[in-house]
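Every letter in the sequence shown is one number past the one before it in my numbering, and letter 262, counting from 1, is 438.
For reference, the structure is listed below as structure tokens.
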Amino acid sequence: MAPDKESNGLDNVAFEADGAEHFCEIPESKALSGENDRDKLVYCVTDVPPWYLCIILGIQHYLTAFGGIVSIPLILSQALCLQHDAVTQSHLISTIFFVSGLCTLLQVIFGIRLPILQGGTFSLLVPCLALLSTPEWECPAWTQNATLVNTSSPVFIQVWQSRMRVLQGSIMVGSLFQVVVGFSGLIGLFMRFIGPLTIAPTISLIGLSLYDSAGKNAGNHWGIAAMTTCMIVLFSQYLRHIPVPFPTYSKTKKFHTSKIYIFQILPVLLGITLSWLICYILTVTNVLPSDSSQYGYLARTDIKGDVIGRAPWFTFPYPGQWGLPTVSVAGVFGILAGVISSMIESVGDYHACARLSGAPPPPKHAINRGIGMEGLGCLLAGAWGTGNGTTSFSENVGVLGITKVGSRSVIIASGILMVIMGLFGKIAAIFTTIPTPIIGGMFLVMFGVIAAAGVSNLQYTDMNSSRNIFIFGFSMFTGLVIPNWILKNPTTITTGIVEIDQVIQVLLTTSMFVGGFFGFILDNTIPGTKRERGIIAWNKAHEEDSNVTIESDEVYNLPFNLSARLSSVPWVRYIPFCPYQPSRSPSDGTPESSDSLDVLKETSTDIVASVGL
177 MAPDKESNGL
187 DNVAFEADGA
197 EHFCEIPESK
207 ALSGENDRDK
217 LVYCVTDVPP
227 WYLCIILGIQ
237 HYLTAFGGIV
247 SIPLILSQAL
257 CLQHDAVTQS
267 HLISTIFFVS
277 GLCTLLQVIF
287 GIRLPILQGG
297 TFSLLVPCLA
307 LLSTPEWECP
317 AWTQNATLVN
327 TSSPVFIQVW
337 QSRMRVLQGS
347 IMVGSLFQVV
357 VGFSGLIGLF
367 MRFIGPLTIA
377 PTISLIGLSL
387 YDSAGKNAGN
397 HWGIAAMTTC
407 MIVLFSQYLR
417 HIPVPFPTYS
427 KTKKFHTSKI
437 YIFQILPVLL
447 GITLSWLICY
457 ILTVTNVLPS
467 DSSQYGYLAR
477 TDIKGDVIGR
487 APWFTFPYPG
497 QWGLPTVSVA
507 GVFGILAGVI
517 SSMIESVGDY
527 HACARLSGAP
537 PPPKHAINRG
547 IGMEGLGCLL
557 AGAWGTGNGT
567 TSFSENVGVL
577 GITKVGSRSV
587 IIASGILMVI
597 MGLFGKIAAI
607 FTTIPTPIIG
617 GMFLVMFGVI
627 AAAGVSNLQY
637 TDMNSSRNIF
647 IFGFSMFTGL
657 VIPNWILKNP
667 TTITTGIVEI
677 DQVIQVLLTT
687 SMFVGGFFGF
697 ILDNTIPGTK
707 RERGIIAWNK
717 AHEEDSNVTI
727 ESDEVYNLPF
737 NLSARLSSVP
747 WVRYIPFCPY
757 QPSRSPSDGT
767 PESSDSLDVL
777 KETSTDIVAS
787 VGL
């Protein structure tokens with residue numbers, strides 16, 4: 177049921193803006209029902225809101241991405257033998273925020289040019305964990321005991337930095353594949369053979385393969401973890417349509433109250449903060465045990481000691497800060513599986529972002545540039561040493577539908593904010609004090625949504641077909657069975673060549689590779705019509721008519737008038753990532769950009785609901 181319309185004419189919006197008359201109007205021919213009133217955009221993709229609104233909404237995007245970005249170094253720190261070194265964990269968090277902000281600016285300004293935020297990716301986390309689980313890179317037993325760990329010891333530093341460096345090198349080499357595929361235009365050829373039955377098991381197994389990490393963290397105190405999960409579910413699902421009045425000020429209304437859908441915008445942050453506060457109260461009242469051998473001790477908020485006091489006020493992440501990267505052949509192949517999955521997901525995010533921001537579907541040159549820029553972002557993330565790459569954040573795409581602000585200026589502000597936050601070491605140190613049961617409760621929701629997002633791709637296929645049921649079921653089951661068996665029998669693979677053994681082991685312990693591989697092979701070899709396979713519906717969903725949206729050139733052309741300058745160069749048309757528009761006369765029917773700002777945003781409440789987390 178749709179919520180009541182507010183006085184500013186918006187339905188289910190996250191804020192009230194000064195100058196609500198700035199809405200991008202819906203063409204009358206498309207305004208078929210009152211439901212379309214909710215689809216009006218306050219600011220379109222090329223609009224520039226007031227600076228203070230850019231900052232406020234930029235902070236909102238930053239907070240929305242907070243859960244997903246912070247969780248990656250927290251998970252990775254255990255495989256890097258850093259679970260007892262909170263200061264280094266804070267450095268990793270600062271680094272990933274800094275690089276995410278930098279890659280966001282590159283993507284919005286020079287890449288796809290849509291309001292899409294970049295952040296760490298679980299697609300690369302899975303193969304990284306697979307590499308670090310091999311016998312060569314397993315953590316020594318003494319690093320698991322806090323009493324034996326001296327974080328300033330050269331031996332301990334070498335242990336974790338050697339693992340980080342091999343991740344860096346593998347990510348940097350693997351990301352070159354994405355750079356080539358993007359800037360060469362090969363992504364179109366790849367997508368020709370990849371359909372929903374390949375994408376569904378690949379993405380679903382990203383979430384399902386992380387169940388062990390969620391269970392270990394939540395198992396440190398199931399009561400606290402369940403409380404965190406319940407709060408996030410309560411805020412994101414049950415209370416998301418309930419506005420909360422906040423005091424605000426505007427030139428026209430002076431001091432007044434505005435209704436903000438705070439639960440819909442920040443359910444994860446609210447759930448974590450409240451659970452964190454409760455854990456603090458239970459810690460100072462000694463309700464939680466102070467003996468490290470007792471169950472529930474890890475739910476205390478004081479076990480990290482004075483990590484905030486020891487963390488520097490300012491830190492400046494730089495390339496090679498952990499040493500010279502090394503390369504593992506096995507790691508590179510594993511990263512390639514993650515890169516392919518990330519590219520597929522990003523193409524879908526580009527189209528969803530275009531719909532939600534009132535932009536036309538992205539043309540081929542923009543998609544090529546976006547994928548290439550994401551590859552460049554992964555290369556930078558590897559060089560800086562985040563232990564991860566970057567990709568488009570689906571959660572923040574959904575925020576566009578919530579706030580009804582599709583301006584890329586807001587995402588630029590968010591990118592600048594992330595870069596600045598990455599420079600403050602004590603802010604990152606605060607995040608490391610979050611008790612592990614709270615992290616586990618967040619993972620229960622987050623990884624479940626990732627798994628379900630993959631399954632949602634089956635909506636394009638005919639699931640009454642026994643062919644499709646077999647392909648999906650077999651791909652999912654083998655994606656769980658084979659990695660589990662290999663992990664329990666790591667010495668089984670012996671070809672006589674160590675490098676080949678490592679490559680096979682990393683690939684076969686990467687669930688999304690196994691499931692995606694079988695889905696790809698079976699879907700392209702077992703006879704079936706395009707309609708049955710979901711190819712027709714998939715292509716239709718990603719090829720929306722753009723007649724009622726902003727002119728494509730206005731959105732996707734290169735910045736600083738580079739496109740106009742390059743248009744006079746004939747050979748530019750052969751560069752896959754460069755827009756080429758020959759001189760056009762007014763008689764060719766092309767609308768002027770000043771007349772093309774009336775847009776129709778076609779959004780799905782399912783998209784907004786699923787990324788409300």
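Glycine residues also receive a C-beta, built at the ideal position from the N, C-alpha and C atoms.
Predicted, not measured: the structure shown is a model, and the values here were computed from it.
Contact check, residue i vs residue j, beta carbons under 8 Å
i: A627; j: L229; result: no
i: A604; j: S338; result: no
i: A513; j: P303; result: yes
i: P800; j: L576; result: Because residue 800 is not part of the residues shown, which for the chain are 177 to 789, the question remains open.
i: S299; j: E521; result: yes
i: V690; j: T637; result: no
i: T264; j: W560; result: no
i: A394; j: G616; result: yes
i: M340; j: G563; result: yes
i: K435; j: P423; result: no
i: T670; j: A306; result: no
Burial state of residue i, where buried means 16 or more other Cβ atoms lie within 10 Å
i: S761; result: Here S761 scores only 46 on pLDDT, less than 50, and its place in the model should not be relied on; the value that follows carries that caveat. Classification of S761: exposed, given that the 10 Å Cβ count is below 16.
i: K716; result: exposed
i: A322; result: exposed
i: P501; result: buried
i: G672; result: exposed
i: H432; result: exposed
i: A506; result: buried
i: T668; result: exposed
i: D261; result: buried
i: Q320; result: exposed
i: F332; result: buried
i: I202; result: Low per-residue confidence applies at I202: pLDDT is 36, beneath 50, and the placement is therefore not dependable enough to give any value.
i: P755; result: buried
i: Q334; result: exposed
i: N396; result: buried
Residues of its chain near residue i, where Cβ-Cβ distance is below 8 Å and the 5 sequence neighbours each way are ignored
i: I645; result: M639
i: F490; result: L599, F600 and G601
i: N700; result: F369
i: K480; result: A262, T608 and T609
i: E312; result: Q678
i: M403; result: S451, I454 and G617
Chain-order list of residues whose beta-carbon lies under 6 Å from that of residue i (same chain, five-residue window excluded)
i: E778; result: Because the pLDDT of E778 is 38, which lies under 50, any placement of that residue in the model is unreliable, and the number read from its coordinates should be weighed accordingly. The answer, listed in chain order, is R531.
i: Y473; result: P465
i: C279; result: Q294, G553 and T566
i: E211; result: Caution applies to E211, whose pLDDT of 44 falls short of 50 and renders its modelled position unreliable; the value that the coordinates give is listed next. None.
i: L555; result: M348 and S351
i: W336; result: L256, C257 and L258
i: L386; result: F623
i: Q790; result: With the chain running from 177 to 789 in the structure shown, residue 790 is simply not present.
Contact set for residue i: own chain, Cβ-Cβ below 7 Å, skip 5 residues either direction
i: S722; result: For S722, the predicted model reports a pLDDT of 37, less than 50, meaning its position is unreliable and no value from the coordinates is stated.
i: Q259; result: S253
i: I511; result: L300, P303, S346, I347 and G350
i: V224; result: S583 and S585
Whole-angstrom C-beta distance between residue j and residue i, which should lie under 8 Å
i: G558; j: S351; result: 6 Å
i: L281; j: G591; result: 4 Å
i: F353; j: G548; result: Not confirmed; about 11 Å, so no contact.
i: I235; j: M688; result: Not confirmed; about 33 Å, so no contact.
i: G447; j: F411; result: 6 Å
i: A629; j: V573; result: The pair is not a contact, with the Cβ atoms about 12 Å apart (cut-off 8 Å).
Residue of the options minimising C-alpha distance to residue i
i: F693; options: I588, P311 and I379; result: I379
i: V357; options: I516, T670 and N665; result: I516
i: I370; options: I662, S744 and M519; result: M519
i: L453; options: V586, P611 and I347; result: P611
i: G524; options: F411, G546, V508 and S270; result: G546
i: S253; options: Q283, T608 and S504; result: T608
i: G649; options: L663, G243, G695 and I662; result: G695
i: P703; options: S434, I647, L258 and S451; result: I647
i: M367; options: Y750, L683, C455 and I543; result: I543
i: A241; options: L593, H417, V420 and V325; result: L593
i: A475; options: A487, D482, T459 and G485; result: T459
i: F623; options: I232, I285 and S247; result: S247
i: L698; options: P372, I614 and I363; result: P372
i: K540; options: G287, L250, L233 and Y219; result: G287
i: Y526; options: N633, F569, R707 and L233; result: F569
i: V595; options: I269, W227 and V218; result: I269
i: Y437; options: P421, V444, V682 and V657; result: P421
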